[in-house]
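Beneath this line is the structure, given in structure tokens, with notes to follow.
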Amino acid sequence: TALIVQFSLTLIAVAIGVFLGEYLKTRGRNLATKADFKSLVDQLRINTELVEKIKAEVAQSDWAKREWTNLRRVKLEALLDKMHDCTSYIERAEFLATTGELNTDRVPVSELETIATLYFPELEASVVRFRDAFRAKRGVALSAVQEIVVTAPGSVERDRANQKFRSSLTPEYYGCAAAINKEARDLLVKIMNVSA
4 TALIVQFSLT LIAVAIGVFL GEYLKTRGRN LATKADFKSL VDQLRINTEL VEKIKAEVAQ
64 SDWAKREWTN LRRVKLEALL DKMHDCTSYI ERAEFLATTG ELNTDRVPVS ELETIATLYF
124 PELEASVVRF RDAFRAKRGV ALSAVQEIVV TAPGSVERDR ANQKFRSSLT PEYYGCAAAI
184 NKEARDLLVK IMNVSA
């Protein structure tokens, strides 16, 4: 009987030992998994924050690029409007010059230059040629007014002055305007990233 009790106690001790061993092993695995899980969650949070930050920076960059593109498109239209204002100014100055009057309207060429300088350095050469042609035509009109104003209306001298003025008008100005129109169209296609 003592042997049976001892055997039973040994069997119970072995069973408890096996059970506790398995329990402690499982518990240790669970604790390790919990620590690994916490580490993975922390790493995931850091990665998510980094991805969100990168997304925000890319979105900001895309937004800024879209805004710059849109602003340049609007300013390109404004540049062409100012060029057409210059043409209207010159045509009025030429018309008034034949009667000996000055065009006292605001001279729009400096606004054209400002828009080109700020937004379109790639059009600088064409805008400078246009500006120079504008100033030359304006100078011719001013000279004509000075000559015509000192002559009597309907006189031969006035007719000669008008004839001299008309013969001095060259098509170079309109060629410069056409060049800006073409370059502006090409630039618009480029900045809007579309095909012509």
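For what it's worth, my numbering labels the leading residue of the sequence shown as 4, then goes sequentially.
Cβ coordinates follow ideal geometry from the N, Cα and C atoms, glycine included.
Express the C-alpha separation of Q166 and K78 in angstroms, rounding to a whole number. Taking the sequence shown and counting its residues from 1, the one referred to as residue 78 is at position 75. Taking the sequence shown and counting its residues from 1, the one referred to as residue 166 is at position 163. So the two alpha carbons sit approximately 39 angstroms from each other.
Measure the Cβ-Cβ separation of I118 and A81 and say whether it is below 8 angstroms. Walking along the sequence shown from the start, residue 118 turns up at place 115. Walking along the sequence shown from the start, residue 81 turns up at place 78. Result yes, Cβ atoms of I118 and A81 sit closer than 8 angstroms.
Please work out which residues of its chain come closer than 6 angstroms, Cβ to Cβ, to E55, disregarding the five sequence neighbours upstream and downstream, and give them in chain order. Reading the sequence shown from its first residue, position 52 is the one you call residue 55. Here the set comprises nothing.
Is the beta carbon of A164 sitting closer than 8 angstroms to the one on T154? For the purposes of this step, residue 164 is identified with residue 161 of the sequence shown, where counting begins at 1. For the purposes of this step, residue 154 is identified with residue 151 of the sequence shown, where counting begins at 1. Yes, the pair counts as a contact, with Cβ atoms nearer than the cut-off.
Helix or strand or just coil, what does DSSP make of E104? The sequence position of residue 104 within the sequence shown is 101, counting from 1. Residue state, collapsed to three classes: coil.
In whole angstroms, what separates the C-alpha of E116 from that of E52? Taking the first residue of the sequence shown as 1, we reach residue 116 at position 113. Taking the first residue of the sequence shown as 1, we reach residue 52 at position 49. Approximately 47 angstroms, taken between the alpha carbons.
Measure the alpha-carbon distance for F123 versus R134 and round it to whole angstroms. Working through the sequence shown from its first residue, we reach residue 123 at position 120. Working through the sequence shown from its first residue, we reach residue 134 at position 131. Between the alpha carbons of F123 and R134 lies a gap of roughly 15 angstroms.
Taking DSSP as the reference, what is the three-state secondary structure of T173? Sequence index remark: in the sequence shown, residue 173 carries index 170 (1-based). Coil at T173, not helix or strand.
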